[in-house]
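> In my numbering, the protein residues as written are 118 to 487. Before we start, here is the structure in question, set down as C-alpha cells.
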Amino acid sequence: MSTKEKKKLKEGITTGTCAAAAAAAAVEAFFGKVLPNITVNLPDDSGIISVDIHSTKPVHASRKIKTATATVVKDAGDDPDITNGALISARVSIAENDITQVTIKGGAGVGRVTRAGLPVSIGESAINPVPRIMIEQEVKKRLPKGKKFLVDVVISVKDGEKLAQKTLNPRLGIIGGISILGTHGIVKPFSAKSYQETIDICLRSAQTDDQKTCVLSTGRRSERLAQAYYPDLDEKCFVQMADFFSHALKTANDLGFSHIVLAGFFGKLCKWAMNMKYTHARSGQTDFGFLSMLASEIGLSDTFCRFVKEANNARHIFESGHPDVPIFIDTIGQRALINAEKIVKDKARVTLCLWDFNEKFYQEWETADS
C-alpha cells in the first residue's frame, strides 16, 4: 500500500451529533452561558466528541416566549457527504414544569415522513431514534438541578429542502428537507479500496489461524447478532463486509474457508437476490420491479405483486403483515443463496442468516448436501 493510501482519512460528525450539540449549546445559552464549543456523548458510551458552535442567539428578554438558538456546521470529514457544510440549528424554549420532559420536532429544512417502512412513524419529523436520544440526553444533563422543566426543541437545517433533492429522501417519501441521522455519532470516511483491503486482512487473519468458518456481516449490528447466533466461533471469524458482497465472498472462497455465512437484514437480502456485486445505495437501488416479477413467478397474488412493485423500501414489504410475505421472503432468500453459490462455485458451504428489524432471528438458508 502506498504512503498516500495509508494516510488516515478524517472522520466527520453525523447530522444527529450536530443537532445534539446545537441543542446542548442552546440550553446553555438559555441559562446565560454562550460557549464556543461543546462536548457531546456518542451513542453506546463509545466516547465523547467536542463540537464547535458556529453561532448562538441567547434569550431575548422582551420576547413573550423565551427561546435560545445555537447553530453547528456539519463537518463530514473526508466522506463525500452532500450535507457537508450544512448549517444545523436547534431552538429551545424552556419552562418550569411538574415533570422534566423534552419534546423534539423538526423545523424548516428537516424532512417529514410520509410513507411506512422507516424508523420514524408517518407524519413525524425525520429525526431518527438515536439522534432523538442524543438530543434528549444532552438537553437534560444541562438543565439546572433541583427543578423540573418542559423543554421544546426544534431542529432546522438551512437550505435543507434543497439539499434533500440530492439524497434518497424523495424516493423514501421524506418531504421538505433532509433527515437527522447517525447510529454511531461519527462519520467514517469511505474508501472502497481501503475497505476491501481491510476485509482481505481480516479474512486472512482468520484463515491463518486455521479457522474453517467465516461470518460476513453487513455491519456492526448484524455482526453482533451473528456472534450471538454462533457463540462457539472465535471472534476473528466475524468480518464486516459492509456492501462488498461479491468481493468478500470471492476472497473467503479463495482463502479456502469451507463454510461461509452471510448475515444481514432484508434490504441487503433483496440486493443479494438481485445479484448486486456491490450493494451500497449510491451504486444501485433495489429493483422492486424485479422483486415483483419473482413474486409473480411463484404464483403470489396480483395484489401482492403490485404492492411489492410500488413498495417504499424492503422494510415496508417485510413488516406489511401481508399473508404472502413469508413465502416471498423465502423465495428471496433462495435466490440470494443461489447467487452466493455461483460466486463460491461449489467450493464452500454457504449459509444465509436473516434477522427482522427488531433483531429477532427470522430464517436461514443453506447449501444443500451433495
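Even for Gly, the Cβ is constructed at its ideal location relative to N, Cα and C.
Determine, using beta carbons only, whether Leu267 and Thr217 come nearer to each other than 9 angstroms.
Residue mapping note: residue 267 aligns to position 150 of the sequence shown, counting from 1. Residue mapping note: residue 217 aligns to position 100 of the sequence shown, counting from 1. Result yes, Cβ atoms of Leu267 and Thr217 sit closer than 9 angstroms.
> If you draw a straight line from the C-alpha of Thr325 to the C-alpha of Leu126, how long is it?
Translated into the one-based positions of the sequence shown, residue 325 becomes position 208. Translated into the one-based positions of the sequence shown, residue 126 becomes position 9. One C-alpha to the other measures close to 28 angstroms.
> Let's test the definition: count the other Cβ atoms within 10 Å of the Cβ of Ala485 and tell me whether it reaches 16, buried, or not, exposed.
As a working mapping, residue 485 is identified with position 368 in the sequence shown. Exposed, by the Cβ-count rule.
> Looking at Cys331: is its Cβ nearer than 9 angstroms to the Cβ of Phe362?
Within the sequence shown, the letter at position 214 stands for residue 331. Within the sequence shown, the letter at position 245 stands for residue 362. Cβ distance not < 9 angstroms, so Cys331 and Phe362 don't count as in contact.
> Would you call the CB atoms of Val270 and Ile130 closer than 9 angstroms?
Here residue 270 refers to the residue found at position 153 of the sequence shown. Here residue 130 refers to the residue found at position 13 of the sequence shown. It is not a contact, given that the beta carbons lie outside the stated cut-off.
> Got a sec? Which residues, its chain only, sit under 7 angstroms from Ala140 by beta carbon, not counting five neighbours each side?
Start at 1 with the first residue of the sequence shown, and residue 140 comes out as number 23. Taken in chain order, the residues that qualify are Ala207, Val209, Ile252, Glu255, Val256 and Val270.
> Using only the alpha-carbon positions, how far apart do Lys121 and Asp317 sit?
Here residue 121 corresponds to residue number 4 of the sequence shown, with the count starting at 1. Here residue 317 corresponds to residue number 200 of the sequence shown, with the count starting at 1. Unreliable placement is indicated for Lys121, whose pLDDT of 39 sits below 50; the coordinate value is still reported in the next sentence. When rounded, the distance between both Cα atoms is 19 angstroms.
> State buried or exposed for Ala323, treating a residue as buried only when at least 16 other CB atoms are found within 10 Å of its CB.
Along the sequence shown, one-based indexing puts residue 323 at 206. Buried is the call here.
> Is Ile239 helix, strand or coil when you go by DSSP?
Position 122 of the sequence shown, counted from the first residue, corresponds to residue 239. Here Ile239 sits in coil by DSSP.
> Do you know whose CA, among Arg249, Ile211, Thr468 and Pro443, lies nearest Cys135's CA?
Start at 1 with the first residue of the sequence shown, and residue 135 comes out as number 18. Residue Arg249 is the option with its Cα nearest to Cys135.
> Nearest to Thr184 by CA position, among Phe148, Gly302, Arg229 and Lys265, is which residue?
Position 67 of the sequence shown, counted from the start, is the residue given in the question as residue 184. When only C-alpha atoms are compared, the closest one is Phe148.
> Going by Cα to Cα distance, which pick from Glu213, Gly194 and Pro197 is closest to Ile182?
In the sequence shown, the residue the question calls residue 182 occupies position 65. Of Glu213, Gly194 and Pro197, the residue nearest in Cα terms is Glu213.
> What are the uninterrupted segments assigned as alpha helix (DSSP H) that are 4 or more residues long and contained completely in the segment 314-358, given in chain order?
Entirely contained in the segment 314-358, the alpha helix (DSSP H) runs reaching 4 residues are, in chain order, 337-346.
> Specify the secondary structure class of Ser163 as computed by DSSP and reduced to three states.
Within the sequence shown, residue 163 is the residue found at index 46, counting from 1. Three-state result, Ser163: coil.
> Pro153 to Asp196, Cα distance in whole Å?
For the purposes of this step, residue 153 is taken as the residue at position 36 of the sequence shown. For the purposes of this step, residue 196 is taken as the residue at position 79 of the sequence shown. Rounded to the nearest angstrom, the two C-alpha atoms are 25 angstroms apart.
> Consult DSSP for Lys121 and reduce its assignment to one of helix, strand or coil.
By 1-based counting over the sequence shown, the position of residue 121 is 4. The predicted position of Lys121 is uncertain, since its pLDDT is 39 and thus under 50; a value taken from the coordinates is nonetheless stated next. Here Lys121 sits in helix by DSSP.
> From Ser334 to Gly294, what does the alpha carbon distance come to, in whole angstroms?
On the sequence shown, position 217 is the one that residue 334 refers to. On the sequence shown, position 177 is the one that residue 294 refers to. The straight-line gap from Cα to Cα measures roughly 31 angstroms.
> Are the CB atoms of Thr403 and Asn430 within a distance shorter than 9 angstroms?
The sequence position of residue 430 within the sequence shown is 313, counting from 1. The sequence position of residue 403 within the sequence shown is 286, counting from 1. Cβ distance < 9 angstroms, so Asn430 and Thr403 count as in contact.
> Going by CA-CA distance only, name the one from Arg288, Leu408 and Phe383 that's closest to Arg423.
For the purposes of this step, residue 423 is taken as the residue at position 306 of the sequence shown. The shortest C-alpha separation from Arg423 is found at Leu408.
> Assign Phe410 to buried or exposed, taking buried as 16 or more other Cβ atoms, counted over all protein chains shown, within 10 Å of its Cβ.
Sequence index remark: in the sequence shown, residue 410 carries index 293 (1-based). The residue asked about is misnamed: residue 410 is Met in this sequence, not Phe. When all chains shown are included, Met410 counts as exposed.
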